[in-house]
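Novice:
2 protein chains.
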Amino acid sequence: MTSDPRPTTVMLETVERTEQPRRERLNRERVFRAAVALADEVGIEGLSMRRLADELGVVPMALYKHVDNKDELLAGMVDVVIGEIDPPASGADWKIVVRGRILSARRSLQRHQWASSVIESRTDPTPTLLAYMDSTIGMFLAGGFSADLTHHALHTIGSRVYGFTQEVLNDSQSVDPAAQALVVQRVASVYPHIAEMVNAVDHDRGSVVGRGCDDQFEFEFALDLLLDGLERLRRKEAGSLAAPTADGVRD
Amino acid sequence: MTSDPRPTTVMLETVERTEQPRRERLNRERVFRAAVALADEVGIEGLSMRRLADELGVVPMALYKHVDNKDELLAGMVDVVIGEIDPPASGADWKIVVRGRILSARRSLQRHQWASSVIESRTDPTPTLLAYMDSTIGMFLAGGFSADLTHHALHTIGSRVYGFTQEVLNDSQSVDPAAQALVVQRVASVYPHIAEMVNAVDHDRGSVVGRGCDDQFEFEFALDLLLDGLERLRRKEAGSLAAPTADGVRD
DNA sequence: ACCTGAACACCGTTCAAGT
DNA sequence: ACCTGAACACCGTTCAAGT
Chain A
1 MTSDPRPTTV
11 MLETVERTEQ
21 PRRERLNRER
31 VFRAAVALAD
41 EVGIEGLSMR
51 RLADELGVVP
61 MALYKHVDNK
71 DELLAGMVDV
81 VIGEIDPPAS
91 GADWKIVVRG
101 RILSARRSLQ
111 RHQWASSVIE
121 SRTDPTPTLL
131 AYMDSTIGMF
141 LAGGFSADLT
151 HHALHTIGSR
161 VYGFTQEVLN
171 DSQSVDPAAQ
181 ALVVQRVASV
191 YPHIAEMVNA
201 VDHDRGSVVG
211 RGCDDQFEFE
221 FALDLLLDGL
231 ERLRRKEAGS
241 LAAPTADGVR
251 D
Chain B
1001 MTSDPRPTTV
1011 MLETVERTEQ
1021 PRRERLNRER
1031 VFRAAVALAD
1041 EVGIEGLSMR
1051 RLADELGVVP
1061 MALYKHVDNK
1071 DELLAGMVDV
1081 VIGEIDPPAS
1091 GADWKIVVRG
1101 RILSARRSLQ
1111 RHQWASSVIE
1121 SRTDPTPTLL
1131 AYMDSTIGMF
1141 LAGGFSADLT
1151 HHALHTIGSR
1161 VYGFTQEVLN
1171 DSQSVDPAAQ
1181 ALVVQRVASV
1191 YPHIAEMVNA
1201 VDHDRGSVVG
1211 RGCDDQFEFE
1221 FALDLLLDGL
1231 ERLRRKEAGS
1241 LAAPTADGVR
1251 D
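Here the protein sequences line up with chains A and B, keeping their order. The first sequence: position 90 = 90 (my numbering), numbered continuously. The second sequence: position 135 = 1135 (my numbering), numbered continuously.
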């Protein structure tokens, strides 16, 4: 930053470029960060190798010096997002620790709207993602879950461990409340159950029709239901381990 | 089907084409079905407007007579899959009805591996999908859930309502068990918690390392944990509505 | 009026020619 | 040895020319 290696002569030669300064040697880290910033700005569908190269002031081929292909670029972008998740709190009850971790993941994901769909689309995990999962699994084991129950817990939590869930019905608001009201009315006759549900939600929020629901509340509601259910299973497991009467299991 | 309108002469003229018979007038339904079949065969990334046209023995532009664009094609494909989900059972306990519906959705989704990712990627729902959701919401309302609690329930179930969940750690098996064992060993030193969990799962299944887990079991495990949690809330809600004394339970 | 070939504006990626 | 322009093999979609 402070020690710019560019000689003044080069500065003068390149001063007419409208793009941001380049010359600074490209590296993987810079490529990934630029890709994240670009996706934040224009969305994941606007992210192309060509456009990213443009943004970095290099020719498209230059990128292939640092990443094998676009897939590797996406993997690196996910790592940047995962890297923004807070490290685990220590000491407290497993439920508090896991809950905090997941809500932190959610905050990271919300800073990068494209991230959930990219995480979904990826097949093999990067070391960064494996480390995140390892640490999360460790929270359950430290909390007294057996390895088996931990495994079930992971499947139960699903993508929530990364801080997102699949939207099942997009009940977000349109900008125009009048148009929205019309839609709701037309929907009501054909889909009466949907209408009843949506009306109740709107009524709760004491607003005009179609304000939509509080996503953060819903996320935490579902998360807590899950964690409570898992806590119940953990206790049951601990109980059956302590008393060797029935089909008790050890280690 | 039985009344083929094609004259024999046309049949003879086109008999040398290696593709399946065309001539049969294209319509939306045929386009969607062909797209589903093609995606089943070659995967969603292999599905292009050009390739689909080829498969149907028409020029790419012909498709645009029946669908506005590729997005509409994908919407139609999702509708085909949703249409394969069994209609709801009637009469029984809400939990049995919802459970059966979701497991039927899961069977549909498994017949079309590409479907979950396409459902995820879609933004606005088709009438078919709205009808599916309306009927699902109806199951909760009929089961005694308030509209509000039904709304929370939907957010809790998430994409499971369509019969899928996001894989969080791909612990599926590689074909080569020796190579798999090597990977696991290398992983063990760096990600001890993952290793511990995977080992426990493998041990349970009484198999060589890396057989992976029983996805159907895990899906049902998580689903039942969710449904049990929701049943608990339903009872609490019913209790607080009926008996104003304590948090007593009815039904 | 209907159909469709060619073209447009993009992709990710390869490769060989240039320095 | 390094860098990069041009090209390849695709996309989805537009549009005007052909019948």
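Every residue, glycine too, gets a C-beta built ideally from N, C-alpha and C.
Start and end of the alpha helix (DSSP H) containing N1199/B?
Specialist: P1192 to D1204 is the extent of the alpha helix (DSSP H) around N1199/B.
Novice: Residues in the same chain with beta-carbon distance under 6 Å from A105/A, minus the five sequence neighbours each way, listed in chain order, please.
Specialist: Within the same chain, A105/A has close Cβ partners I85, Y162 and G163.
Novice: Could you give the first and the last residue of the continuous alpha helix (DSSP H) run that contains P125/A?
Specialist: Where P125/A is concerned, there is no enclosing alpha helix (DSSP H), given that its DSSP letter is neither H nor E.
Novice: Using the C-alpha atoms, what's the distance from L154/A back to V1187/B?
Specialist: Roughly 18 Å between the two C-alpha positions.
Novice: Flag L1103/B as yes if its beta-carbon sits less than 7 Å from any beta-carbon of chain A, otherwise no.
Specialist: Not an interface residue.
Novice: Are the C-beta atoms of Q113/A and some chain B residue less than 7 Å apart?
Specialist: No - not a single Cβ of chain B is within 7 Å of the one on Q113/A.
Novice: Quick one: is S1116/B buried, meaning 16 or more other Cβ sit within 10 Å of its Cβ, or exposed?
Specialist: S1116/B should be labelled buried.
Novice: Per DSSP, what kind of secondary structure is E167/A in: helix, strand or coil?
Specialist: Coil, per DSSP.
Novice: How many Å lie between D214/A and E1220/B at the Cα?
Specialist: Their Cα atoms are separated by approximately 28 Å.
Novice: Just verifying my parser: in three-state terms, what is the DSSP assignment at W1094/B?
Specialist: In the structure shown, W1094/B sits in a helix (DSSP, three-state: H, G or I).
Novice: Give a yes or no on whether 7 Å exceeds the smallest Cβ distance from I85/A to chain B.
Specialist: Closer than 7 Å: no.
Novice: Is there a C-beta anywhere in chain B that falls below 7 Å from the one on R106/A?
Specialist: False, the Cβ-Cβ gap to chain B never drops below 7 Å.
Novice: Does any residue of chain B have a CB that is nearer than 7 Å to the CB of H155/A?
Specialist: At least one chain B Cβ lies under 7 Å of H155/A.
Novice: Hey, could you find the ends of the alpha helix (DSSP H) I1082/B is sitting in?
Specialist: That run of the alpha helix (DSSP H) goes K1070 to G1083.
Novice: Taking the CB atoms as reference points, tell me whether T128/A and I82/A lie closer together than 7 Å.
Specialist: Cβ distance < 7 Å, so T128/A and I82/A count as in contact.
Novice: Which word fits T1156/B, buried or exposed, when buried means at least 16 other C-beta atoms lie within 10 angstroms of its C-beta?
Specialist: It counts as buried.
Novice: Is the CB-CB distance between E196/A and A1147/B below 7 Å?
Specialist: A contact, by the Cβ cut-off of 7 Å.
Novice: Going straight from the alpha carbon of R1234/B to that of L233/A, what length do you get?
Specialist: C-alpha separation (whole angstroms): 20 Å.
Novice: Compute the Euclidean distance between the alpha carbons of I1096/B and M49/A, then round it to the nearest angstrom.
Specialist: Cα-Cα distance, rounded: 50 Å.
Novice: Using CA atoms only, rank isn't needed, just tell me which of R1033/B, R1205/B and A1053/B is closest to L1063/B.
Specialist: Ranking R1033/B, R1205/B and A1053/B by Cα distance to L1063/B puts A1053/B first.
Novice: Quick one: does F32/A have its CB under 7 Å from some CB of chain B?
Specialist: False, the Cβ-Cβ gap to chain B never drops below 7 Å.
Novice: Does any C-beta atom of chain A lie closer than 7 Å to the C-beta of F1145/B?
Specialist: Output row for F1145/B: interface = no.
Novice: What number of angstroms, rounded off, separates the C-alpha of L1073/B from the C-alpha of L227/A?
Specialist: Taking the straight line from one Cα to the other gives about 39 Å.
Novice: In angstroms, rounded to a whole number, what distance separates the CA positions of G144/A and D79/A?
Specialist: Straight-line Cα distance between these residues: approximately 29 Å.
Novice: Please report whether the beta-carbon of A1062/B lies at a distance below 7 Å from any beta-carbon of chain A.
Specialist: No, no contact with chain A.
Novice: Residues in the same chain with beta-carbon distance under 6 Å from V1201/B, minus the five sequence neighbours each way, listed in chain order, please.
Specialist: C1213, listed in sequence order.
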